[in-house]
């Protein structure tokens, strides 16, 4: 473990000094602070707000003396009463994004934002560096094995979207099977959203969508020569779990009903499973799973169903995921009835059983469940003609959280995490009844992006990556457990050797320790001048696992810090950590985010004039929520395709699926929780908010672009002390999945340039920026207002003490975990 770089040395020296010293703000004679008392996050109540931590002095970028002349939006009186509370929503008209006036507002705002960002002097060089880093990288993802072949999606230099590749084994020659560009047009970019090869490796079903919409069309390709098999099935978005019959003669897919309802919130209701027989017209495909079909009962309106047909099994399983919820129901039918298109379904697992995943082989069914086990355990049952046997425990709950499992011939392989740091274990079938999971050595600071096995083959294949560790595809030897790099993923050209990472723990308002991962240059010192970007998610029980991104180097090499807050609502410490940040307790994610920001400021990593916060999609709830509650703590806010108006979220097409996570305005408890987490409803007139850069994708299937539009209009009208509020719209983009590489790079260039501008970096200081663009329709102007259209113009503080890092998170499973973790390790190559 190397600790020679400046930041870690400063932390350790300061830690030694603090071990016997009282807190700086303690009264005379006070003792040194002790570690926080452990708490069960599931029992954490929402703590009251506390005063801000004192900020370290730093030069403040100049604030404009006049408010920018934004493209105006009419504030229209709309009041409604929900559970006895009056709710004011002056910009609800923007929810009709297809109307001419909404389109005019979005286009004017986007033009204003892009002109403002284009005038930043340092942006061209920054954008050039980001494109350079991105263009040099080769990325491989979504591996599959079938018929002795290896399939994967690959993005190479010069390409804007992943192509589907195949080779005969890892040593075979690579060839492109499907290039999505063949489905594109000059007006529409294409991307592969998912794919699944047939068990014999002769065919591959895949979904392709346009302009980031993820509204996929299902197609089939011949593996031998890449020829299109003539299958084209629309409304096939939800098919990440598409499955083939084990004889490769048919596959089962999900499809959205035709002619969706007029109500946008029901666009994805009633998704059904169909059976397609190879060589038969798709118009003859029959429904094999839907509510009431074949005895299927208690199937909710909003589900994402999929089928599992294990090899050598007499049973098939329909998996029903309730929207974005983690828990599933499982229905069982005989394979014979399913193959005839006449299944008879029996529910064998209900949502209340807390099952989140299954693995099946022959008639054995492994269930991953958190019921009575917040860190998860594995049960196994045997399927029979009259149902399933009584479950027995295959893997008991332990201190670490079981994230996932995969069944191989030699063992059940397990993805394990502690605080978001992942490792691999396996339950070796050759050890008899006394067997216990054994540890398989992997690098300390990586995530297991994919765990791939087959019940007929021993060993496993892993796709690994870290924040600073390059991705690698490795095989796990079934006998020794040794890892071997397959070479499928070439090493990156981006050099991160001058960068490092460390794990710290910020004290939450209620004593809970919140993990914070810092990425930084090794020469970085504790300083109030460090440009710092704090990011987080905290939703759906998903951990902020390490992900490698070469373009991140463009920020780090300028002396920037990236801080990842592992806040509650995620899955870093299991289901209890998730539940402590969802629904009625969602406010904890916002307060955790604030606590992490206060931690960074209090102990000298940065200061409010150099601190920005960013949240993507559901991560916009804690990010924007923190900035609205503590505007003094941040210089800038970046909500990327973010959920911001939570009182209206469930009325959008993607909203009902998230009701289990966030709640519903239909109940008083749900309404109150949603109002507390809704940043749009926290905006107060006359408040000096941080500078804001909102982004939206016009084809986003998860978060509607009106979320950002309404927030931009509300903030611009409220007044932000002269700091800019910009709305950047991607007209051919979605939520990020399926977006072209060039679009992603340009967005990151805009974000980084915007932050450096707001941090007072002289290279990014623009001239005054008036409103530039076409006049808006009079109906969009507030009463009595006017607009002026202007032609476009031509184109370190001293170190401070280190933080108290003398205790692990209160909810961590082991008190022996170090509080400071230097997580660099040897690379795979």
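Numbering (our numbering), first residue to last: 1399 to 2227. Cβ atoms here follow ideal geometry from the backbone N, Cα and C, with glycine treated the same way.
Is the separation between the beta-carbon of residue i and that of residue j shorter than 9 angstroms?
i	j	result
residue 1843	residue 1866	yes
residue 1607	residue 1589	yes
residue 1897	residue 1924	no
residue 1637	residue 1605	yes
residue 1904	residue 2017	no
residue 1528	residue 1952	yes
residue 2050	residue 2015	no
residue 1701	residue 1674	no
residue 1476	residue 1490	yes
residue 2157	residue 2033	yes
residue 2142	residue 1532	yes
residue 2088	residue 2029	yes
residue 1956	residue 1929	yes
residue 1610	residue 1587	yes
residue 1856	residue 1890	no
residue 1666	residue 2054	yes
residue 1876	residue 1803	no
residue 1555	residue 1534	yes
residue 1782	residue 1749	no
What does DSSP give as the partner residue(s) for residue i in the beta ladder?
i	result
residue 1556	Paired residue(s): none; residue 1556 is not in a bridge.
residue 1620	1601
residue 2012	1933, 2036
residue 1563	1550, 1574
residue 1823	1812, 1837
residue 1594	1603
residue 2026	DSSP lists no partner for residue 2026.
residue 2146	Note: residue 2146 sits in no beta bridge, so no partner.
residue 1703	1718
residue 1653	1670
residue 1918	1898
residue 1963	1914, 1934
Buried or exposed: where does residue i fall if 16 or more other Cβ atoms within 10 Å of its Cβ makes it buried?
i	result
residue 1731	buried
residue 2082	exposed
residue 1834	exposed
residue 1442	Residue placement at residue 1442 is poorly supported in this model, since its pLDDT is 36, which falls under 50; the coordinates still yield a value, given next. By the neighbour-count rule (16 or more Cβ atoms within 10 Å), residue 1442 is buried.
residue 1514	buried
residue 1377	Because residue 1377 is not part of the residues shown, which for the chain are 1399 to 2227, the question remains open.
residue 1494	exposed
residue 1574	exposed
residue 2010	buried
residue 1906	buried
residue 1628	exposed
residue 1984	buried
residue 1580	exposed
Comparing alpha-carbon positions, which option in the options lies nearest residue i?
i	options	result
residue 1601	2039, 1558, 1646	1646
residue 1986	1903, 2075, 2063	2075
residue 2001	1927, 2029, 2067, 1493	1927
residue 1594	1888, 1639, 1497	1639
residue 1583	2130, 1469, 1794	2130
residue 1807	1801, 1776, 1854, 1775	1854
residue 2128	1501, 1859, 1869	1501
residue 1481	2149, 1759, 2144, 2064	2064
residue 1511	2148, 2165, 2159	2148
residue 1738	1648, 1859, 1965	1648
residue 1911	1970, 1888, 1740	1970
residue 1718	1712, 1711, 1726	1726
residue 1915	1711, 1922, 1901, 1908	1901
residue 1785	1469, 1576, 1742	1742
residue 1820	1805, 1839, 1804	1839
residue 1887	1484, 1541, 1479	1541
Spell out whether any CB of chain D is found under 9 angstroms from the CB atom of residue i.
i	result
residue 1537	Here chain D cannot be found, since the structure has a single protein chain.
So does the region 2110-2120 actually touch the region 1995-2005, counting three or more Cβ pairs closer than 8 angstroms?
no
Inspect the CB distances between the region 1834-1849 and the region 1800-1814 and report whether three or more fall short of 8 angstroms.
yes
The region 1941-1954 contacting the region 1855-1865, beta-carbon criterion three pairs below 8 angstroms
By the C-beta criterion, the region 1941-1954 is judged to be in contact with the region 1855-1865, since at least 3 inter-stretch pairs fall below 8 angstroms.
Across the region 2066-2073 and the region 2096-2114, are there enough close Cβ pairs to call them in contact, namely three or more that are closer than 8 angstroms?
no
Meets three-Cβ-pair contact criterion under 8 angstroms: the region 1567-1582 and the region 1536-1554:
yes
Whether or not the region 2058-2068 and the region 2084-2099 are in contact is what I'm after, with contact meaning three or more pairs of Cβ atoms, one per stretch, closer than 8 angstroms; do they touch?
no
Pairs of beta-carbons, one from the region 1976-1983 and one from the region 1773-1782, closer than 8 angstroms: are there three or more?
no
With contact counted as at least three CB pairs below 8 angstroms, one residue from each stretch, are the region 1751-1771 and the region 1703-1715 in contact?
With contact defined as three or more Cβ pairs closer than 8 angstroms, the region 1751-1771 and the region 1703-1715 are in contact.
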